[in-house]
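In this note's numbering, each residue's number is its place in the sequence shown (first place is 1) plus 176. Structure first, then comments.
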Amino acid sequence: MELLVNNLLSLVIDAVAVAILIRTSAVLVPSLDRVAPKYMKLITSNFSSFMVLSALMLVVLFTMIFDFFVLTSFPYAPALS
């Protein structure tokens, strides 16, 4: 049980770290505002697609990791013959 709690805590810490990384990498650089033409959009539809795809990938990754930890936390029971 202690191993499962440690694994879940590790997953939460990793999720926060990845969320911070995605959030900080998605911030626009202020210097782009000075060099970009007035007609150019700095935030396009690709930006939101990137965020949705990143969130979906994180959900799939954490689901796989959680399933792995749950399945490996069961004690070994030999097959009945």
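Beta carbons are placed, not taken as given, at the ideal position from N, Cα and C, and that holds for glycine.
Requested in this report: For residue 250, name the three-state secondary structure that DSSP assigns.
Outcome: coil
**Report entry** Straight-line gap, residue 180 to residue 244 (C-alpha atoms, nearest Å)
**Finding:** 11 Å
Query - Option nearest residue 231 by Cα separation, candidates 186, 198 and 184 - result: 198
Query raised in the report: CA-CA distance, residue 234 and residue 241?
Result: 10 Å
Query raised in the report: Quick one: Cα of residue 239 to Cα of residue 226, how far?
Result: 20 Å
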